[in-house]
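Engineer:
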Amino acid sequence: MPCGKMTFKIAADQSSEGASFMEIRDLLIYLVFMTLLAVFTFGVYSQNSFHLNNAIANSFIHQPYFCEEERTNIFNVSSVDELWCYMNKRFIVTLQDHPFWGQIGTKNETYLLRPPRVRQVRVVEEDCIVPVAATGCFGKFSSENEDKSSFNLANDTSWVYNSPDKMGNIWFRGLISYYNSAGYYFSLIDADQLSYYEENNWIDEQTRAIFIDFTVYNININLFCVCQILFELPPSGGITPSYLFSTVKLIRYNDEYDHRVMACEILFAVFCIYYSIELICDIIYFKLNFWRKLDNWIDSLNLALSWSSVWVLIYRYVICLSILQRDALRGIQELPDYQHLKYIHLTADRITAVTLFCSCFKLYRFLHFDTIQHIYTTIMYCMKDMISFAFLFFIILLAYAQLGTLLFGNFDESYRSIAESSFTLLRIMMGEFHYQEITKILCLIGPIYIVSFVMFVVFLLLNMFLAIINATYSVVSSNVKVTRKSEYRPFMKHCLYLISSKFEPKTPSKPKAMNNSDKITELMKRSGFSELEVDTFFSRYTVDNDREVADIVFQRVVHQNVGVQHYLKLKSRTKTINNSVLQAIKKKELFLDQVGKLMRA
């Protein structure tokens, strides 16, 4: 071998007798590989993450409060005064229930790792498009019109611009726009600070977003909850609140379960090395022909994702350990927020999840059942028709999405953009209708829009899609006469027979009346031959199933054709006869069809 290693693909290409055994071996090894991948992928997942997220959200978000003697919540905030009211009446009050980490004389299950950071981003003043009495206008936030100058008091970080490099260089997605990590910030300690910034107009017409970032640590379950509350102030007016709470496990490998997960990660890296060597050997042997099969592309993709998972796990562990150890030496006021660690942790979890998802598709290579082969062949046969249909479908979907945005975008949030309209139409295809909301906006055009989309897309196009698959599957099922058999089925049957024979009771059995033809049939079925192959064998040797075969003939047939050393030769001969019989049957059917046509003529 070029690399000194025999793989299953090389053995199958050389028609090696050990290919069946190697395929079973590869299946067992891959199942171990999948088990290790699943263990450490789900090892960082915990149901406590949901409960901690829910508890923090109930405390800071869903809990109502009174503002000017009216009961309200964060989602009713629509002005700057109401925003300050939320921070004074709800946020700062809830903070008192969560003491700071290391605070003397406090016992609680959750702790604040640092004071919350309140940050804003601003835009520059521009000339108005239409000249009016106003001195200037303020547009939507972007990196081009971001204000980087100091304002108002200009004496600390809350009034002086801080660059993204200093703040972590992370982008955040809001409901209206994207925002960087730069801006003007202060650390919130008590309510007096809020009064100070409110009196000095820290939030004004140039403000486009307010971020409140804080991190909570639950000591009982060893989980960090990195929290962010966002208030967006669009140029159209009003305030759009949103929030994002992410629970992550930054401190790892500190108990017995984590040690087992770490062992699985190490073994997974060893398997990646093994599969890399196997892939290199296959590429050296097959050269450019290696990339002509879809299975090889899937294997290469899985290996690349596996190595990405290994790298990101190592990177996450090193970065988290170094940052946590560094921050342990700082004072409570100097601790940064953990947004960067959160993104590293979530990225690692997503990469390993995608790796596990893609690795599941490789299992079909080991499953040689007829149904799976039919599905695979059906997809290959109807691929061109499905691509043409998908092209037509997306054109019609885009047309309806554009129409929905133009008709209802100013009134319904579900149609505020083409992307949102497309997702809304896809939800309609799944049975989620917004009929009443649409009819309230346009009482005549709205129902026509919904009904025409359902009739034309749901009833017509989806049924066309199913008809393409159904027709192709029928053609494939009728054309496939002899299906591909698994190479390791006879081997597995033989192994199961040997295992079962070991446990059979050794009792004297009475002689049974069985002729030699029955013995040949039983022996061939035990070796993995089908009924068609057995009948072809008897027809070749002119043996009747009901007739006795001489012992000499029986021994000659068995030793020459069914013996272990001649198993492969008999298999190839039987397949040749089988193909000849099938060709004869096809010629006969063709002849009968021609005779029938002549008689009808």
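All the letters of the sequence shown, read from the start, carry residue numbers 0 to 600 under numbering that gives the first Met the number 0. Don't be surprised by glycine CBs; every beta carbon is placed ideally from N, CA and C. None of these values were measured; they are calculated from a predicted model.
1) Would you kindly report the start and end of the unbroken alpha helix (DSSP H) that includes Arg116?
2) Looking only at its chain, what residues have a beta carbon closer than 6 Å to the beta carbon of Thr156, apart from the 5 residues adjacent to it on each side?
3) When the Cα atoms are used, what is the spatial distance from Ser162 to Gly182?
4) Can you tell which of Phe213, Ile282, Leu243 and Ala37 has the C-alpha that lies nearest to the C-alpha of His97?
5) Which class does Pro240 belong to by DSSP, given the choice of helix, strand or coil?
6) Could you check how far apart the C-beta atoms of Phe407 and Tyr399 are, in whole angstroms? I think they sit under 8 Å.
7) Where Leu111 and Met86 are concerned, what is the direct C-alpha to C-alpha distance, given to the nearest angstrom?
8) So what's Asp254 in DSSP terms, helix, strand or just coil?
9) Report the CB separation of Leu222 from Asn47 in whole angstroms; it is logged as a contact under 8 Å.
10) Between the C-alpha atoms of Glu69 and Ile60, what's the straight-line distance to the nearest angstrom?
11) If Val117 and Leu187 are in contact, beta carbons under 8 Å, what's the gap, nearest whole angstrom?
12) Under 8 Å by Cβ, that's how I've got Leu174 and Thr206 pegged, so tell me the actual separation to the nearest angstrom.
13) Do Cys136 and Thr234 come within 9 Å of each other at the CB atom, strictly closer than that value?
14) For the putative contact between Gln227 and Tyr242, defined by C-beta atoms under 8 Å, what is the C-beta separation to the nearest angstrom?
15) What's the C-alpha gap between Phe267 and Tyr337?
16) If I measure Cβ to Cβ from Tyr314 and keep anything under 8 Å in the same chain, skipping five residues before and after, which residues do I get?
17) Should the region 244-257 be called in touch with the region 135-154, which here means at least 3 C-beta pairs below 8 Å?
18) Starting from Arg70 and walking both ways along the beta strand (DSSP E), at which residues does that stretch end?
19) Short check: CB of Gln62 to CB of Arg89, under 9 Å?
20) What first and last residue would you give for the beta strand (DSSP E) that runs through Leu111?
21) Taking only three categories from DSSP, how would you classify Ala153?
22) Candidates Asn168, Val120 and Glu197: which alpha carbon is nearest Tyr160's?
23) Can you tell me which of the three DSSP states Gly445 falls into?
24) Given 8 Å as the limit, tell me if Glu431 has its C-beta closer than that to any heavy atom belonging to the ligand NAP.
25) I'd like the span of the beta strand (DSSP E) that includes Phe455, first residue to last.
26) Are Asn52 and Cys263 closer than 9 Å when you measure CB to CB?
27) Using C-beta distances below 6 Å, list every residue in its chain close to Glu588, excluding the 5 sequence neighbours before and after it, in chain order.
28) When you compare the region 271-285 with the region 297-316, are there three or more beta-carbon pairs, one atom per stretch, that lie closer than 8 Å?
29) For Ile394, which option in Thr354, Cys359, Phe455 and Lys361 has the closest C-alpha, if you only look at C-alpha atoms?
30) Determine, using beta-carbon pairs with one atom in the region 369-385 and one in the region 467-478, whether at least three such pairs fall under 8 Å.
31) Is it the case that the Cβ atoms of Ile202 and Val123 are separated by a distance below 9 Å?
32) Per DSSP, what are the beta-bridge partners of Cys280 in this structure?
33) Spatial neighbours of Asn151 within its chain, please: CB distance less than 8 Å, with the 5 preceding and 5 following residues excluded, ordered by chain position.
34) Could you say which of Thr423, Ser387, Cys381 and Lys383 lies nearest to Gln401 if we only look at CA atoms?
35) Nearest CA to the CA of Glu204: which residue from Asp294, Ser194, Ile91 and Lys139?
36) Under three-state DSSP, which class holds Phe230?
Structural biologist: By the coordinates alone:
1) Arg116 -> not in any alpha helix (DSSP H); beta strand (DSSP E) instead, spanning Arg116 to Arg121.
2) Result list for Thr156: Tyr184, in chain order.
3) Their Cα atoms are separated by approximately 7 Å.
4) His97 has its Cα closest to that of Phe213, out of Phe213, Ile282, Leu243 and Ala37.
5) Correct three-state label for Pro240: strand.
6) Contact between Phe407 and Tyr399 does not hold, since the beta-carbon distance rounds to 11 Å and is not under 8 Å.
7) Rounded to whole angstroms, Leu111 to Met86 spans 17 Å at the Cα level.
8) Coil, per DSSP.
9) With a Cβ gap of about 6 Å, Leu222 and Asn47 count as contacting.
10) Taking the straight line joining both Cα atoms gives about 17 Å.
11) Between Leu187 and Val117 the Cβ distance is about 5 Å, and since that is below 8 Å, they are a contact.
12) About 16 Å separates the beta carbons of Leu174 and Thr206, which is beyond the 8 Å limit, so they are not a contact pair.
13) Before going further, note that residue 234 is Pro rather than Thr in the sequence given. Yes. Within cutoff.
14) Sure, about 7 Å apart at Cβ, within 8 Å.
15) Cα-Cα distance, rounded: 29 Å.
16) Its chain contains Ile343 and Ala347 as the residues whose beta carbon lies nearer than 8 Å to that of Tyr314, once the 5 sequence neighbours on both sides are disregarded; these appear in chain order.
17) No: fewer than three Cβ pairs fall under 8 Å.
18) From DSSP, the beta strand (DSSP E) with Arg70 extends over Glu69 to Thr71.
19) Contact flag set, yes.
20) Judged by DSSP secondary structure, Leu111 falls within the beta strand (DSSP E) whose first and last residues are Thr109 to Leu111.
21) Here DSSP, grouped into helix, strand and coil, assigns Ala153 to coil.
22) Of the candidates Asn168, Val120 and Glu197, the one whose C-alpha sits nearest the C-alpha of Tyr160 is Val120.
23) The answer is helix: DSSP assigns Gly445 an H, G or I state.
24) In terms of ligand content, the structure shown is empty, and the ligand NAP therefore cannot be addressed.
25) Unbroken run through Phe455: none, as it is neither H nor E.
26) If you check the CB distance, Asn52 and Cys263 do not come in under 9 Å.
27) Once the five neighbours on either side are set aside, Glu588 has no close Cβ partner at all.
28) In this structure the region 271-285 lies against the region 297-316, because at least three pairs of beta carbons, one per stretch, are closer than 8 Å.
29) The option with the nearest alpha carbon to Ile394 is Phe455.
30) Yes: at least three Cβ pairs fall under 8 Å.
31) Not a contact, by the Cβ cut-off of 9 Å.
32) In the DSSP output, where bridge partners are listed per residue, Cys280 has none listed.
33) The residues are Trp158, Asn199, Asn200 and Trp201.
34) Ranking Thr423, Ser387, Cys381 and Lys383 by Cα distance to Gln401 puts Thr423 first.
35) Selected option, being the one with the closest Cα: Lys139.
36) Three-state result, Phe230: strand.
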